[in-house]
Structures are given as structure tokens and as C-alpha cells.
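Below is one structure, written out as C-alpha cells; comments come after it.
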């Protein structure tokens, strides 16, 4: 089990741009307001990249392959079957879920078509990981291919307002299919994600707070939610941890962490004035923002705090997103930032809420949490009091407790569309499948 310890930053070296990012930045992109860009000290990275275990795209067929007792495994499998049956009844004739549902992305106008494509891709992944070869699965993948195959369609996705979410979900789904017919489209999707990452191409230097991040469609400001979705896709496609795109993303992810460097004069002001608890916030860009700060009445940007004391609050979903992103980027378990994130997790161990936001984004939280704990490679986690937790069993119990009679899940707190049973059910099933996958270890 990983334990939280204090380690010196001497184990790290300053970030050097990856080989394809070593050129001088081009002229600053016209969509970027230079007054909102902050120049910070270089990000410290580990001296060597630790390869992350390759993605596992199928759940275990027997309890013997998973660190679970057979009773819990069977209960989870039965719940998964009921959830899949519910989704089968909700799929449209075109093979989609979420069609006609209006989604309001952060700082964006409502979107419909793009959100259906993203949710359908996640749903297709649920069926693929369960090993299903039925018409529901086939129709979902046909819908994905029919809406992403051409350059014009992908340009429409970028302009549609949810580009990174959509193409990340599409890439993860295609990777999970393991079908040769989708390989070219998978490679195209990964190339699209890399091309829309904020870097020198848009005139950003590696020491700026936007660098390496991913934002909403049409290149909006980067945030950790979009960036972790992109990293999920790259990981699912078995892109190497030392790939330039992943290392660029690490620079952005590290800046979203409430982690103080050896000299706080090198940190963003919200970090320097904060508690350095090791958790993560929504975005370090544009001065930083956190929905947990908003929930606490301090303002999403910390703007309601007394002058000179502005900081941002860490919260659950973003901390698990950041934690797994550090691991996907090849940081070793004893890296100070990995240890700091783990310390936050140990102090906020819960399956009852999205710590810091209550029930808001709860099923998104479970999905990020399940992937992070799977990436951690541990059978048991230990909380701050020293109690051991079999995370798979506790996760399964939490998910099954909330399953409804028709096999679905739904959040009574509707923010971020979780009041829609299609989306909430897909998040719940993706989390459940992480608990049912064979245990993996990194190389």
C-alpha cells in the first residue's frame, strides 16, 4: 500500500518541452487573451518515466481473476446486466443515447448533437467492456463511425462546443472495441486530440498556465476535466507515457494541484496562499477556478475571499482526475505530487459524496475514482486513520445501493446532466466495470 510521506523536490527536475515542442512558440493565438495568461516557474517532473500498465478493455469472466469474493462478484455482475438491459431499452433507432438532450457546458451555450455522440461513445464502451457482441453494441459503434468519419464532421465537432469531450469519448470507445476496422478512425481521433491541445502551436510557452491543457470545443480555455478526458483516451489507446502530448499535459495537470513547491514564490498565488492539501481544482488557467470554492460561498475563482487571502478549494472528482493523470503520465508512486494527492484521498475517503461538492457530479466522481484506484494498482487503500479499505468491494456496494428498480441510476442533484438516467447509468456502469476488471500492474 502506498503511504503518505514527505519527500523533497530534489527528486525532480525542471520540465523541458518534449522533442516536438522544443521550437519557439508561434505568435499568440488570436483566441487567447494575453492578460489572462500567467507565467509561472517551470513544472518539476520525475527524472524518469515509469510506464503505466496498459489499458484493460474487458471485465473478468470469473471472480478468480479479480480480488473479490464470489458473492460480491456475482452481485456486481447481476447489477451490470440489469444496467445494460436498461440502456438497451433507451437506445434510439439510430443507435444513440441522449439524443435531443440539451447540455450546458461550463461557460458555453447549450449543445445537443455533440453531447449525444459523447454519451453514445461512453455507452458503446460499456457494452464492449462487458464483452457484448449484440445489436445494441453494434448499433452504437455504427453511430459513432457514421458521425466522425469525415474531416467535415470532425470540424463540426470542434466547432460544436464539446470537442474534447466528444473525441476523447470516441477514442476510448474505439480502443475498447479492439476491432481492426476501427483502427484508422482511432488513430485519427488520437491525432485530433493531440492537435487541439494548447501548446507552442498557439504561441504558448511551456511556463504558462494554459500550456499542455485541453479545453472545450473551438479551443476554449483549458481545464482539468477536459484534460483528464483526453488523457483517459490516450491511455485507453495505449499511447506511451513518454509521448510528448502526455508530458505536455502533465505540465498543466501539475499546475492544477494544491501543492506547494520548495519556494512558494514560484507558485501561483492561489496555491501560495492556500493550505497545500495535495488535492486538485478545476483549472489553474486564467488565475485558477474551483467549483468547491463556489460551493463554499467563496466564489468559483475565490473572488469572494478577503483581499490577500485568495485560495482555491480541492475537491473529490478533480483530485481523482488529477491523481490518475499523474500516474498515466508516468510519475512514480513516490513522486511528491503523487504522494500529496494520495494524502488528500486518504483524508477524504468516501463513496457517499463527491467530497467538496456533496452530491453534485457524484457519478462522474465514481467514474474518475474507479479509474484512479485501478491505475494505482493497489488491492487495498489505507485512509488517514490507518483503516484498510477493499476499494472494489466498497465501490460495488456504493453503486448497487443506488441502483433503481428498472436497472438504472439517476442523481437527484441534476447538475452536469446527472439527472438524466442515460448518462448517470453509463457513468455508474463504467465505474462498476473498473471494479470487475482483472487486476493490472505497471511494467
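Residue numbers (the numbering used here): 25 to 467. We put the CB at the ideal spot given by N, CA and C, even for glycine.
Checklist entry - Considering only residues of the same chain and omitting the five flanking positions on each side of residue 316, which have a CB-CB separation below 7 angstroms? => result Within the chain shown, the letter at position 292 stands for residue 316. Contacts found: 337, 338, 339, 380 and 381.
Checklist entry - Taking the Cβ atom as the reference point for each residue, do residue 509 and residue 100 lie within a distance shorter than 8 angstroms? => result Because residue 509 is not part of the residues shown, which for the chain are 25 to 467, the question remains open.
Checklist entry - Mind checking whether residue 265 and residue 76 have CB atoms under 8 angstroms apart? => result Taking the chain shown and counting its residues from 1, one reaches residue 265 at position 241. Taking the chain shown and counting its residues from 1, one reaches residue 76 at position 52. Yes; because the gap between Cβ atoms is below 8 angstroms, this pair is in contact.
Checklist entry - Taking Cβ positions, are residue 233 and residue 330 nearer each other than 8 angstroms? => result Mapped onto the chain shown, residue 233 falls at position 209. Mapped onto the chain shown, residue 330 falls at position 306. Contact: no.
Next on the checklist: By alpha-carbon positions, which one of 142, 460, 244 and 362 ends up nearest to residue 278?
Outcome noted: In the chain shown, residue 278 corresponds to position 254, counting from 1. Residue 278 has its Cα closest to that of 362, out of 142, 460, 244 and 362.
Checklist entry - What residue range is occupied by the uninterrupted beta strand (DSSP E) comprising residue 182? => result Position 158 of the chain shown holds residue 182. Looking at the DSSP string, residue 182 is not in any beta strand (DSSP E); the run it does join, the alpha helix (DSSP H), is 175 to 183.
Checklist entry - According to DSSP, what are the bridge partners of residue 232? => result Walking along the chain shown from the start, residue 232 turns up at place 208. Assignment of beta-bridge partners to residue 232 by DSSP yields 63.
Checklist entry - What residues in its chain sit with their C-beta under 8 angstroms from that of residue 388, if we drop five residues either side in the sequence? => result By one-based count along the chain shown, residue 388 stands at place 364. So the list reads 341, 378, 440, 442 and 451, once near-sequence residues are dropped.
Item to check | Rounded distance between the beta-carbons of residue 413 and residue 373, thought under 8 angstroms | outcome: Indexing the chain shown from 1 puts residue 373 at position 349. Indexing the chain shown from 1 puts residue 413 at position 389. Yes, residue 373 and residue 413 are in contact; Cβ-Cβ is about 7 angstroms, under 8 angstroms.
Checklist entry - Hey, how far is the Cα of residue 321 from the Cα of residue 462? => result In the chain shown, counting from the first residue as 1, residue 321 sits at position 297. In the chain shown, counting from the first residue as 1, residue 462 sits at position 438. Between residue 321 and residue 462, the alpha-carbon positions lie close to 42 angstroms from each other.
Next on the checklist: What residue range does the alpha helix (DSSP H) around residue 406 cover?
Outcome noted: Taking the chain shown and counting its residues from 1, the one referred to as residue 406 is at position 382. Run containing residue 406: none in the alpha helix (DSSP H); it sits in the beta strand (DSSP E), 404 to 406.
Next on the checklist: Assuming residue 148 and residue 168 are in contact, meaning their beta carbons sit under 8 angstroms apart, how far apart are those beta carbons, in whole angstroms?
Outcome noted: Position 124 of the chain shown, counted from the start, is the residue given in the question as residue 148. Position 144 of the chain shown, counted from the start, is the residue given in the question as residue 168. The pair is a contact, with the Cβ atoms about 6 angstroms apart (cut-off 8 angstroms).
Checklist entry - Looking only at its own chain, which residues have a Cβ that is under 7 angstroms from the Cβ of residue 123, when we skip the five neighbours before and after it? => result Here residue 123 is taken as the residue at index 99 of the chain shown, counted from 1. Counting only Cβ-Cβ distances below 7 angstroms, and skipping sequence neighbours, we find 116 and 140.
Checklist entry - If you run the structure through DSSP and keep just helix, strand and coil, what is residue 81? => result Locating residue 81 in the chain shown gives position 57, where the first residue counts as 1. DSSP, read as helix, strand or coil, puts residue 81 in coil.
Item to check | Straight-line gap, residue 62 to residue 97 (C-alpha atoms, nearest Å) | outcome: Locating residue 62 in the chain shown gives position 38, where the first residue counts as 1. Locating residue 97 in the chain shown gives position 73, where the first residue counts as 1. So the two alpha carbons sit approximately 49 angstroms from each other.
Checklist entry - Which class does residue 247 belong to by DSSP, given the choice of helix, strand or coil? => result Position 223 of the chain shown, counted from the start, is the residue given in the question as residue 247. DSSP places residue 247 in strand when its eight states are reduced to three.
Next on the checklist: Checking the sheet assignment: what are the DSSP bridge partners for residue 383?
Outcome noted: Position 359 of the chain shown, counted from the first residue, corresponds to residue 383. Within the DSSP bridge table, the entry for residue 383 names no partner.
Checklist entry - Taking all protein chains shown into account, do 16 or more other C-beta atoms lie within 10 angstroms of the C-beta of residue 302, making it buried, or fewer, making it exposed? => result As a position in the chain shown, residue 302 is number 278, starting the count at 1. Classification for residue 302: buried.
Item to check | Run of the alpha helix (DSSP H) containing residue 348, from where it starts to where it stops | outcome: By one-based count along the chain shown, residue 348 stands at place 324. Where residue 348 is concerned, the enclosing alpha helix (DSSP H) stretches over 340 to 352.
Next on the checklist: Would residue 449 and residue 107 be called neighbours here (beta carbons separated by less than 8 angstroms)?
Outcome noted: One-based indexing of the chain shown puts residue 449 at position 425. One-based indexing of the chain shown puts residue 107 at position 83. Judged by beta-carbon spacing, residue 107 lies within the 8 angstroms limit of residue 449, meaning their Cβ atoms are closer than that value.
Checklist entry - Near residue 314, which residues of its chain fall below 6 angstroms by C-beta distance, leaving aside the five closest residues on each side in sequence? => result Within the chain shown, residue 314 is the residue found at index 290, counting from 1. Closer than 6 angstroms at the Cβ level, and outside the excluded window around residue 314, lie 305, 306, 336 and 337.
Next on the checklist: Tell me whether the stretch 252 to 272 and the stretch 52 to 66 touch, counting them as touching only if at least three CB pairs, one residue from each stretch, are closer than 8 angstroms.
Outcome noted: No: the two stretches stay apart, fewer than three of their Cβ pairs being nearer than 8 angstroms.
Checklist entry - If you count every other CB in all the chains shown that lies within 10 Å of the CB of residue 223, and 16 or more means buried, which is it? => result To locate residue 223, count along the chain shown from 1; it is residue 199. Buried.
Item to check | Range of the contiguous beta strand (DSSP E) that encloses residue 414 | outcome: Your numbering for residue 414 matches position 390 in the chain shown. Segment 412 to 414, the beta strand (DSSP E) holding residue 414.
Checklist entry - With 16 other CB atoms within 10 Å as the buried threshold, where does residue 256 fall? => result Counting from 1 along the chain shown, the entry for residue 256 is found at position 232. Note on residue 256: 16 or more other CB atoms within 10 angstroms of its CB, so buried under the neighbour-count rule.
Checklist entry - So is residue 185 buried or exposed if we call it buried at 16+ other beta carbons inside 10 Å? => result In the chain shown, counting from the first residue as 1, residue 185 sits at position 161. Buried.
Checklist entry - Going straight from the alpha carbon of residue 196 to that of residue 273, what length do you get? => result Residue numbering aside, residue 196 sits at position 172 when the chain shown is read from its first letter. Residue numbering aside, residue 273 sits at position 249 when the chain shown is read from its first letter. Going by the C-alpha atoms only, they are around 17 angstroms apart.
Next on the checklist: By the DSSP assignment, the alpha helix (DSSP H) with residue 446 in it spans what residues?
Outcome noted: Locating residue 446 in the chain shown gives position 422, where the first residue counts as 1. Per DSSP, residue 446 belongs to the alpha helix (DSSP H) from 445 to 460.
Checklist entry - Quick one: what's residue 307 bridged to in DSSP? => result If you number the chain shown from 1, residue 307 lands on position 283. Its beta-bridge partners are 313.
Item to check | Same chain only: Cβ atoms within 7 angstroms of residue 275, ignoring 5 sequence neighbours per side | outcome: Counting from 1 along the chain shown, the entry for residue 275 is found at position 251. Answer for residue 275: 39, 67, 230, 235 and 236, listed in chain order.
Next on the checklist: Based on DSSP bridge pairs, tell me the residues matched to residue 281.
Outcome noted: Stepping through the chain shown from its first residue, residue 281 is reached at position 257. Under the DSSP definition of a beta bridge, residue 281 partners with 304.
Item to check | Nearest neighbour of residue 142, chosen from 102, 190 and 250 [CA to CA] | outcome: Numbered from its first residue, the chain shown carries residue 142 at position 118. Out of 102, 190 and 250, 190 has the C-alpha closest to the C-alpha of residue 142.
Item to check | Burial state of residue 327, where buried means 16 or more other Cβ atoms lie within 10 Å | outcome: As a first step, residue 327 must be located in the chain shown, where it is residue number 303. With fewer than 16 other CB atoms across the displayed protein chains lying within 10 angstroms of its CB, residue 327 is exposed.
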